[in-house]
Structures are given as structure tokens and as C-alpha cells.
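In this note's numbering, the protein residues as written are 1 to 469.
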């Protein structure tokens with residue numbers, strides 16, 4: 001079949017993890033489901049293509065994790081990384097509903113690998129997918145085919161027909177033609193707007209021109225904009241996003257996990273002026289790595305440079321692009337096009353502030369600088385062993401947080417003509433398009449996948465329930 005059905009029970013907009021969780025859940029409850037994915041088949045799945053793991057609550061070690069990760073600990077971690085900027089009730093709901101995540105995914109064809117060790121530090125809290133995000137998506141789509149779910153690629157939803165607060169049809173551009181597809185329920189799981197630079201400028205100004213799009217280039221926020229224009233309430237702000245430090249030489253779009261550079265906590269980070277600007281050793285990498293995209297975005301030309309020496313360069317995952325290298329700090333500065341005198345001064349001042357102590361690379365070791373601003377709170381060792389390496393880094397946006405407000409049923413919240421908050425009659429949202437309810441700011445590795453899975457399943461349940469009634 002190459003055309004589009006004119007009428008189905010449930011339309012799911014998007015083709016990533018949240019969308020497929022919703023589609024599969026609805027189809028298992030006997031709903032006739034149509035998945036509309038804007039990307040070509042080879043690029044299906046949004047940012048799920050690039051994921052590696054999911055953070056979920058569990059009460060004991062398994063074949064995938066090394067120990068328990070209780071609900072309360074997960075909740076405390078989320079409160080800390082978001083600094084409390086989260087819907088606490090929905091966050092607690094998310095975490096409690098994540099407890100059967102691995103079981104549900106396994107039942108739908110996803111395979112997990114044994115726990116990972118090393119500096120990533122997620123072996124107890126996160127389960128890693130065998131084969132990564134693409135393997136996960138292949139499992140979901142194979143399940144969808146068995147369930148008779150209709151999936152269409154290069155099918156861009158351009159508008160939604162919403163009458164008296166209820167969705168009735170979607171306008172779809174597919175194979176060069178415009179279509180109208182009617183449905184009794186809608187699940188929007190079409191991602192954020194990180195690939196729309198003009199929209200990013202609404203939050204970041206001209207600095208957005210210097211951003212690299214680590215995630216998919218197909219997420220331009222069209223469905224989010226349509227819902228906002230129809231009166232949907234929003235969560236989070238336009239400048240909040242999952243943005244991390246990636247290699248400045250990465251492609252403009254869709255570089256994915258391979259572009260990430262994990263040198264920060266063992267390095268000193270300097271800007272164009274050759275000066276440090278933040279505490280590199282504030283916390284372990286998985287809990288603080290997502291702040292560095294925002295920090296880089298505030299620097300001149302949205303770029304900074306991680307400087308390490310020979311004794312630190314093997315402590316983190318090798319980068320996709322080789323670092324620049326020199327036997328002297330002055331030579332490295334020239335290679336990085338920095339002022340040699342300024343970088344030498346910064347390194348000398350940092351080295352002088354380092355104090356003796358036991359270096360423990362995988363835990364907060366308290367090995368801190370003294371009398372230095374900004375300080376380095378952990379892993380502070382002198383940069384004094386040649387050769388020296390430099391990693392040019394820019395902000396890489398994975399996904400944006402601004403999204404629609406939802407309730408525990410994943411129903412989109414609207415403001416009616418009298419200014420009251422009312423849940424949509426038959427419009428649900430899951431994944432990045434509603435992640436701002438949970439992530440007002442900050443990030444912890446694997447939370448995005450949890451949001452997509454939990455609210456995707458909830459949305460699918462709700463949509464199927466409407467159809468059955």
C-alpha cells in the first residue's frame with residue numbers, strides 16, 4: 001500500500017520511540033492506527049535513532065543493571081538536575097510508571113546488553129540497548145507490522161482540524177499530494193523544534209546561528225506550533241533544551257552520539273580569550289554533562305576548548321575527530337588559534353591552584369583547586385605532562401524542552417474562551433513535544449527515553465479507550 005487511509009481510529013504523528021510506544025499500545029487494544037512519519041524510511045525515528053539507554057526505576061540488579069535504583073532516588077536525582085523546575089506530580093508519575101520499562105520493551109522485541117562499566121557511570125541506573133537506537137526502532141517497527149499498524153514515511157502533517165476542542169482530521173502532505181485523514185483520536189509525538197534555527201533564535205537570539213543540531217534535522221516543531229496556535233498551554237521556555245558539548249567540527253545536523261566529547265571533567269575549559277569560565281569538576285559527567293551546551297552557547301562564537309595533558313587523555317571515550325596536539329601549551333594555543341600568552345597564563349594559574357590528593361576518576365574525589373575562580377571542585381590535577389591535547393567544542397542541541405502541557409492521561413491542556421484550563425477531548429502528546437513538563441531545565445542521561453516510553457504508552461491507552469467507547 002502506498003496511499004493513505006482516509007479514516008482510521010488513531011493517528012500518531014511522529015515515528016520515534018514515543019510515537020511507536022503509543023501506536024503499539026493503541027493497536028494492542030484493537031484500535032486501527034496510522035503512524036505518520038515526516039522523515040524518509042532510512043531516517044525514521046527522530047532522535048530515538050541516536051539513543052543508547054533508558055533511565056528507569058527498579059528494585060534490584062538484573063542482567064542489564066548492577067543494582068537497585070529506587071523511585072525516591074530517581075526522583076531526587078531529577079529534582080537536583082532540574083533544580084526543582086519540574087512538574088513534581090508528573091515527574092513522580094513518570095518515575096513510578098517507568099518501573100516496568102525494561103519488561104515492556106523486551107516483550108516488544110528490544111534487546112539489552114550487560115551493564116557498562118567505566119567513566120560513564122550509568123551501570124546501576126540505566127539499561128543499554130543492544131544495537132542502540134536503530135535496533136530498538138527496528139524492533140518496534142517489526143512489532144507494528146505484526147499488529148497491522150499502517151506506517152507512512154515522508155508523510156508530513158501540515159495542519160490539524162480541531163473543532164470545539166476536539167480533533168477531527170489531519171492535513172497531510174504525502175507523495176506530492178495533499179490529503180485529509182479523519183480519526184477519532186490523535187497522539188502528537190513529533191519531537192521538538194531544534195532544527196528550526198529561526199525558532200531557536202526566539203530563545204537564544206543570534207547565538208542560535210552558532211549551534212549544531214546533534215539530533216534529527218526533521219524536528220522543526222510544526223505540530224507544536226499548530227497546537228500552540230490553537231490555544232494549547234505550554235511548559236518550559238524557548239531557550240531550554242538538551243544541549244551538550246560536541247566537537248565543533250561535527251556536521252551541522254544529525255551527528256548523533258558520535259559527536260559527543262567527554263573530556264570536560266578531566267580538562268580545563270577555556271573560551272576564545274583563553275580563559276576558564278566554569279567549574280569543570282562540579283559533578284559526575286552523566287548528571288552535569290547537559291549543562292555544557294548552554295555554557296558554550298554563552299561564549300564568544302559559541303565555542304570553547306577542552307585542554308588536557310597526556311595523563312588525562314585516555315580517561316574518557318575517544319572522540320570521533322582526533323584532538324589537536326602539541327608538546328607545549330604555546331604550540332597547542334597556536335593550533336587552536338588562541339592567544340598563546342593568555343592560555344599559558346591560564347594553565348599556570350590553574351596548576352598553581354591544584355593541591356595534592358588522591359585522584360579517583362570514577363567518583364567525586366574532592367580533589368579541588370584552592371584560591372581559584374572559578375574553582376574546579378573535583379579531579380583537579382595539574383596540566384603538566386606533554387603532549388597536550390585540545391578539543392574544540394560547540395553546543396549541540398539534541399532536543400528542545402518548550403512543549404505542550406499535559407496531565408497524567410497525557411491529554412494536552414488547553415485554555416478555553418473563559419480562560420479556564422481544560423484537557424483536550426481526544427488529543428494526546430508524548431515524548432519531546434511535552435518534555436518540558438518534566439524538564440524545565442537540566443537533564444540526566446536516559447530520562448528522555450523514559451518520558452517517551454511512559455507517556456507514549458499512556459497516550460496510546462487513552463486514545464484506544466476513546467475509540468472503544
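Beta carbons are placed, not taken as given, at the ideal position from N, Cα and C, and that holds for glycine.
Keep in mind it's a predicted model, so treat the numbers as computed, not measured.
query                                                                                                                                                                         : result
State the Cα-Cα distance for the pair residue 350 and residue 128, rounded to the nearest angstrom.                                                                           : 37 Å
For residue 432, count the other beta carbons within 10 Å of its own beta carbon; 16 or more makes it buried, fewer makes it exposed. Which is it?                            : buried
Just grab the DSSP bridge partners of residue 395 for me.                                                                                                                     : 245
Suppose the cutoff is 6 Å on Cβ atoms and the five residues either side in sequence are ignored; what does the same chain contact list for residue 333 look like?             : 340, 343
Distance check for residue 391 and residue 438, CA to CA, integer angstroms please.                                                                                           : 32 Å
Check residue 138 in the structure and name its three-state DSSP category.                                                                                                    : helix
Rounded to a whole number of angstroms, what is the C-alpha to C-alpha distance between residue 47 and residue 207?                                                           : 23 Å
For residue 468, count neighbouring C-beta atoms within 10 Å of its own C-beta (all shown protein chains included) and say buried if the count is 16 or more, exposed if not. : exposed
Locate the alpha helix (DSSP H) running through residue 129, then write down its first and last residues.                                                                     : Here residue 129 belongs to no alpha helix (DSSP H), and DSSP marks it neither H nor E.
Going by the beta-carbon positions, is the gap between residue 428 and residue 463 smaller than 7 Å?                                                                          : yes
Roughly how many whole angstroms lie between the Cα atoms of residue 453 and residue 191?                                                                                     : 13 Å
Could you tell me which whole beta strand (DSSP E) segments of length 3 or greater appear in the region 287-349?                                                              : 304-308, 324-326
Only counting the same chain, and skipping five residues up and downstream in sequence, which positions put a Cβ closer than 6 Å to that of residue 97?                       : 454
Please specify which runs of the beta strand (DSSP E), each continuous and at least 3 residues long, are wholly inside the region 148-191, giving them in chain order.        : 150-152, 155-163, 166-174, 177-188
Between residue 259 and residue 267, is the Cβ-Cβ spacing less than 7 Å?                                                                                                      : no
Provide the residue(s) that pair with residue 434 in DSSP beta bridges, ordered along the chain.                                                                              : Looking at the DSSP assignment, residue 434 forms no beta bridge with any residue, so it has no partner.
Going straight from the alpha carbon of residue 303 to that of residue 291, what length do you get?                                                                           : 14 Å
Go through its chain and collect everything with a Cβ distance to residue 125's Cβ below 6 Å, but skip five positions before and after it.                                    : 55, 69
Can you tell me whether residue 426 is helix, strand or coil according to DSSP?                                                                                               : strand
Would you call the CB atoms of residue 185 and residue 426 closer than 7 Å?                                                                                                   : yes
For residue 323, count the other beta carbons within 10 Å of its own beta carbon; 16 or more makes it buried, fewer makes it exposed. Which is it?                            : buried
Report the residue from 417, 411, 441, 424 whose alpha carbon sits nearest the alpha carbon of residue 459.                                                                   : 411
State the Cα-Cα distance for the pair residue 91 and residue 82, rounded to the nearest angstrom.                                                                             : 11 Å
Is it the case that the region 237-251 contacts the region 198-207, given that we only count it when at least three CB pairs across the two stretches are under 8 Å?          : yes
What's the gap between the Cα of residue 21 and the Cα of residue 300?                                                                                                        : 41 Å
Can you give me the start and stop residues for the alpha helix (DSSP H) that residue 76 sits inside?                                                                         : 71-82
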